[in-house]
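Heads up: the structure comes next, in structure tokens.
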Amino acid sequence: MSSLKITDVRAIVTAPAGISLVVVKVETSEPGLYGLGCATFTQRYLTVAAAVDDYLKPFLIGKDPRRIEEIWQSSMVSSYWRNGPVLNNAISGVDMALWDIQGKLAGLPVYQLLGGKCREGAAVYRHADGRDVEELEDNVRCYLEQGYSHVRCQLGGYGGAKGIRNKTKNPPDGVYFDPAVYARDVVDMFDHLRGRLGYEPELLHDVHERVPPIVALRMAKELEPYRLFFLEDPLAPEDVAWLERIRQQCSTPIAIGELFNNPQEWVGPITRRELDFIRVHISQIGGITPAKKLAALGEAFGVRTAWHGPGDVSPVGHAANVHLDLAIPNFGIQEWCGLSEQLQEVFPGCPTVEDGYVYVNDQPGLGIDINEKLAAQHPCSNELPRWTLARTPDGTAVRP
Ligand code: MG
């Protein structure tokens, strides 16, 4: 085993739930020993696959897969211009696969390599939505009855359920919303929910960076009496200097970070204690190796984790999320969207949920595999998701 080498690195693209996923498989000179990692940047999946197949593969073949940190560092600087969602996701695919291999070599689940369990299961939150507050309330109750204690509440997805009163002439195609109407409706929504459900359920909301910073500040203040578990992405990464103003004026807990991909974006806000939950998309920052360092930074400043966990994370990425959730002391909450039957068929060994907690199995490594034959039966598509085409009433394209 002293001469263990990487023999192949390749991207596998598949869309079992209609969302394009990228998974990286790293094979080794030891027969049958391989690892899997998530490299999903769904809107640009072909570009990530090319970064893996055309650049990382020739760079990594012949290297020792046990040297995870060295491979992460040397891969990151090998392009000279570094970070960014494409290159970080490609490196994440390799990084998670190397942790998977390291676990298989040791005969231990990855959470053991990270220091062992701090908890038995990771508490999750689910997404409830509705066309009006009554429908939303029913959907929240449905999750509470299933044993979930944390629920994210939205009306009509991101940006509100109400239509636009007056568009311009010749309005371009898009998903229209009115930021001012949306901001008012969110406050009314929580007034309704708290009035009906009380304060026992932990409720969350995702602004998805859709309002101007001053409106986000006002929303955070107006929502303070409704005691949210957290308010997610009230600001875009470009506007994080406003976090300080929000912090000074209210105690609404703030979660931010799913668009971050460079440490410079989180070091300042964390060390100034301007957020409560850091919620990066782990493959988007480069995998388990940078995520464990980010978690440790948060621990030192009282910031908990809430890793991004929607449908555009592969089951391999979800497994990586949960291994970290179990092992880090400052875990906060895990976003969870459920895994379809097709996903579970293509990816044997998926994390499982029971009574509001997610669990991984105790198999060595990440404990998850891919059935490549089945994966090939679910081709990806280049069609952009509609929600990325956000527009305000005058037709301006805005951050989705
Ligand atoms: Mg979000």
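Quick note on numbering: the sequence shown equals residues 211 to 610 in the working numbering. Glycine included, every Cβ here is placed at the ideal spot set by N, Cα and C.
Is residue 257 helix, strand or coil when you go by DSSP? In the sequence shown, residue 257 corresponds to position 47, counting from 1. In the structure shown, residue 257 adopts helical secondary structure according to DSSP, grouped into three states.
Following the continuous alpha helix (DSSP H) through residue 481, name the residue where it begins and the one where it ends. What you label residue 481 is simply residue 271 of the sequence shown in a count that begins at 1. Residues 473-481.
Residue range of the alpha helix (DSSP H) that includes residue 332: Taking the sequence shown and counting its residues from 1, one reaches residue 332 at position 122. Unbroken run through residue 332 is the beta strand (DSSP E), 332-338; no alpha helix (DSSP H).
Which residue marks the beginning of the alpha helix (DSSP H) containing residue 405, and which one marks its end? Along the sequence shown, one-based indexing puts residue 405 at 195. Its alpha helix (DSSP H) spans residues 389-407.
Could you give the residue range of the beta strand (DSSP E) that holds residue 441? Within the sequence shown, numbered from 1, the residue matching residue 441 stands at position 231. Its beta strand (DSSP E) spans residues 440-442.
Note the first and the last residue of the continuous alpha helix (DSSP H) segment covering residue 352. Within the sequence shown, numbered from 1, the residue matching residue 352 stands at position 142. 343-355 is the extent of the alpha helix (DSSP H) around residue 352.
What ranges does the alpha helix (DSSP H) occupy inside the segment 236-313, keeping only unbroken runs of at least 4 residues that lie completely in it? DSSP runs (the alpha helix (DSSP H)) wholly in the segment 236-313: 255-260, 267-270 and 278-287.
So the beta strand (DSSP E) residue 222 belongs to, where does it begin and stop? For the purposes of this step, residue 222 is taken as the residue at position 12 of the sequence shown. Where residue 222 is concerned, the enclosing beta strand (DSSP E) starts and stops at 216-224.
Could you check what DSSP says for residue 520 in three-state terms: helix, strand or coil? As a first step, residue 520 must be located in the sequence shown, where it is residue number 310. Here DSSP, grouped into helix, strand and coil, assigns residue 520 to coil.
Could you tell me whether the segment 522-529 touches the segment 565-578, using the rule of 3 or more Cβ pairs below 8 Å? Touching, yes, given that three or more Cβ pairs across the two stretches are closer than 8 Å.
Spell out the partners DSSP gives residue 613 in its beta bridges. The question about residue 613 has no answer, for the chain in this structure spans 211 to 610.
Pick from 245, 417, 310 and 433 that is closest to residue 398, judged by C-alpha positions: As a position in the sequence shown, residue 398 is number 188, starting the count at 1. Cα-wise, what sits closest to residue 398 is 433.
Out of 424, 452 and 401, which one is the CA nearest neighbour of residue 437? Start at 1 with the first residue of the sequence shown, and residue 437 comes out as number 227. Closest by alpha carbon: 401.
Per-residue DSSP class, three states only, for residue 383: For this step, residue 383 is matched to residue 173 along the sequence shown. The DSSP-derived three-state label of residue 383 is coil.
Within its chain, find whatever has a CB closer than 8 Å to the CB of residue 335; leave out the 5 residues flanking it on each side and keep chain order. As a working note, residue 335 is residue 125 in the sequence shown. Hits under 8 Å: 358, 360, 361, 362, 412, 414, 439, 543, 544, 545 and 546.
Nearest-angstrom beta carbon gap, residue 511 and residue 492 [assumed within contact, 8 Å]: Taking the first residue of the sequence shown as position 1, residue 492 is located at position 282. Taking the first residue of the sequence shown as position 1, residue 511 is located at position 301. That belief does not hold up - the Cβ atoms of residue 492 and residue 511 are roughly 19 Å apart, past 8 Å.
Hey, residue 630 and residue 285: beta-carbon distance below 9 Å or not? The question about residue 630 has no answer here: the residues shown for the chain are numbered 211 through 610.
Any idea if residue 306 is buried or exposed, counting beta-carbon neighbours within 10 angstroms, 16 or more meaning buried? For the purposes of this step, residue 306 is taken as the residue at position 96 of the sequence shown. When all chains shown are included, residue 306 counts as buried.
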